[in-house]
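Chemist: Counted the way the working numbering counts, the sequence shown spans residues 28 to 248.
Mind having a look at this structure? Questions to follow.
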Amino acid sequence: MQATLQKKFLLLMLVTGLCLLILFVGCSKKTETTTQTPATSGQTSAPAAPSMPVPSFSAAQKVGLYVFPNKNQTHDQQLIDESECYNLGEQQSGVNPEMAPPAPPSSAQVQAAEAQAAESAPQAKGGRARGAARGAAGGAMVGAIAGDAGKGAAVGATVGTVRGGRQQKQANAASQQQAASQAGAQVEQQYKQQKAAYDQQIGNFKRAFSACLDSRGYSVK
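Right under this line is the structure:
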């Protein structure tokens with residue numbers, strides 16, 4: 028009888044040990060699974076960090092353009108794309124977008140060009156002598172009618188000298204004025220040509236810059 032009770036007790040102890048062992052192993056696996064697999068229900072992954080340093084400024088604003096993302100790009104990613112397209116646009120167009128525009132001529136520069144042109148303008152000479160000759164000839168004819176051709180020639184020469192000198196002076200003044208006006212207009216025309224060339228170069232850069240951003244999913248205005 029006592030041997031039977033001992034066997035039952037040993038069997039009970041064995042069964043109890045097996046249950047404890049199974050329970051311990053099961054709890055260990057559950058704890059390991061919980062530790063290795065974080066809960067993700069109802070959570071979204073954070074956006075990936077930019078792969079390169081983010082510029083501190085907008086490259087588009089440097090050239091007066093506005094960029095709008097069409098694919099929900101982040102602000103940092105937009106700044107990176109703008110910077111890369113800025114560099115690509117400069118390489119493809121061969122234009123430095125940071126070059127200064129040509130400065131319009133100042134009034135002092137225009138006046139200096141006009142003064143130099145006036146000094147170099149062709150000037151008529153011999154007007155007084157030609158006037159004297161014509162006046163003398165006319166005066167002699169008038170004097171001959173009056174009976175004193177010599178006196179008439181002298182008077183006519185004097186009048187002709189004054190008239191010839193005045194006409195020469197007027198012609199020279201008109202020549203200087205015309206030369207000065209042409210020089211001033213030429214200075215303005217040179218500036219307009221330089222400004223047009225500058226605008227064309229900047230336009231070429233902006234087209235290359237915009238095409239790059241357009242290919243990356245942005246609208247550029």
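For every residue, glycine included, the Cβ atom is placed at its ideal position computed from N, Cα and C.
The model shown is predicted, which means the values in this text are computed figures rather than measured ones.
When we look at the beta-carbon of K233 and count the other beta-carbons within 10 Å, is it buried (16 or more) or exposed?
Modeler: Counting from 1 along the sequence shown, the entry for residue 233 is found at position 206. Buried, because 16 or more other Cβ atoms sit within 10 Å of the Cβ of K233.
Chemist: Classify F249 as helix, strand or coil using the three-state DSSP reduction.
Modeler: Nothing in the structure corresponds to residue 249, since the chain is present only between 28 and 248.
Chemist: Counting beta carbon pairs with one atom in the segment 222-240 and one in the segment 87-107, are three or more of them shorter than 8 Å?
Modeler: yes
Chemist: Contact check, D103 vs R243 under 8 Å by CB: the rounded distance?
Modeler: Locating residue 103 in the sequence shown gives position 76, where the first residue counts as 1. Locating residue 243 in the sequence shown gives position 216, where the first residue counts as 1. Actually they are not in contact, since the Cβ atoms of D103 and R243 sit about 14 Å apart, beyond 8 Å.
Chemist: Is it true that the segment 115-126 meets the segment 138-146, where meeting means three or more beta-carbon pairs spaced less than 8 Å apart?
Modeler: no
Chemist: To which residues of the same chain is P82 closer than 6 Å at the C-beta, ignoring the five residues directly before and after it?
Modeler: As a first step, residue 82 must be located in the sequence shown, where it is residue number 55. Around P82: L106, S110.
Chemist: Going by DSSP in three states, S85 sits in which element: helix, strand or coil?
Modeler: As a working mapping, residue 85 is identified with position 58 in the sequence shown. The three-state reading of DSSP puts S85 in coil, since its state is none of H, G, I, E or B.
Chemist: Quick test of your reading: E206 and A148, contact by CB under 8 Å. State the CB separation rounded to the nearest angstrom.
Modeler: Within the sequence shown, numbered from 1, the residue matching residue 206 stands at position 179. Within the sequence shown, numbered from 1, the residue matching residue 148 stands at position 121. The residue you asked about is not Glu; residue 206 is Ala in the sequence shown. That belief holds up - the Cβ atoms of A206 and A148 are roughly 4 Å apart, short of 8 Å.
Chemist: Can the beta-carbon of S246 be found less than 8 Å from the beta-carbon of N97?
Modeler: Taking the sequence shown and counting its residues from 1, one reaches residue 246 at position 219. Taking the sequence shown and counting its residues from 1, one reaches residue 97 at position 70. Result yes, Cβ atoms of S246 and N97 sit closer than 8 Å.
Chemist: So, is S237 buried or exposed, given that buried needs 16 or more other C-beta atoms within 10 angstroms?
Modeler: Position 210 of the sequence shown holds residue 237. Its Cβ being crowded by 16 or more others within 10 Å, S237 is buried.
Chemist: The alpha helix (DSSP H) with V137 in it runs from where to where?
Modeler: Within the sequence shown, the letter at position 110 stands for residue 137. DSSP places V137 inside the alpha helix (DSSP H), whose first and last residues are 134-147.
Chemist: Looking only at C-alpha atoms, which of P80, M79, T101, G116 sits nearest to L240?
Modeler: Against the sequence shown, residue 240 aligns to sequence position 213. When only C-alpha atoms are compared, the closest one is G116.
Chemist: Which whole-angstrom value is the C-beta distance of Y225 and P131, which I expect to be below 8 Å?
Modeler: One-based indexing of the sequence shown puts residue 225 at position 198. One-based indexing of the sequence shown puts residue 131 at position 104. That belief does not hold up - the Cβ atoms of Y225 and P131 are roughly 12 Å apart, past 8 Å.
Chemist: Can you tell me whether A167 is buried or exposed? The criterion is at least 16 other CB atoms within 10 Å of its CB, across all chains shown.
Modeler: By one-based count along the sequence shown, residue 167 stands at place 140. With a pLDDT of 49 at A167, under the threshold of 50, the modelled position of this residue cannot be trusted; read the value that follows with caution. Buried, by the Cβ-count rule.
Chemist: With DSSP as the reference, please indicate the residues paired to V247 in a beta bridge.
Modeler: On the sequence shown, residue 247 is found 220 positions in, with the first residue counted as 1. According to DSSP, which records beta bridges pairwise, V247 is partnered with V94.
Chemist: Suppose the cutoff is 7 Å on Cβ atoms and the five residues either side in sequence are ignored; what does the same chain contact list for A145 look like?
Modeler: Numbered from its first residue, the sequence shown carries residue 145 at position 118. Only Q203, A206, A207 meet the Cβ criterion.
Chemist: On the CB-based measure, 16 or more other CB atoms within 10 Å of its CB, does A212 come out buried or exposed?
Modeler: In the sequence shown, counting from the first residue as 1, residue 212 sits at position 185. Classification of A212: exposed, given that the 10 Å Cβ count is below 16.
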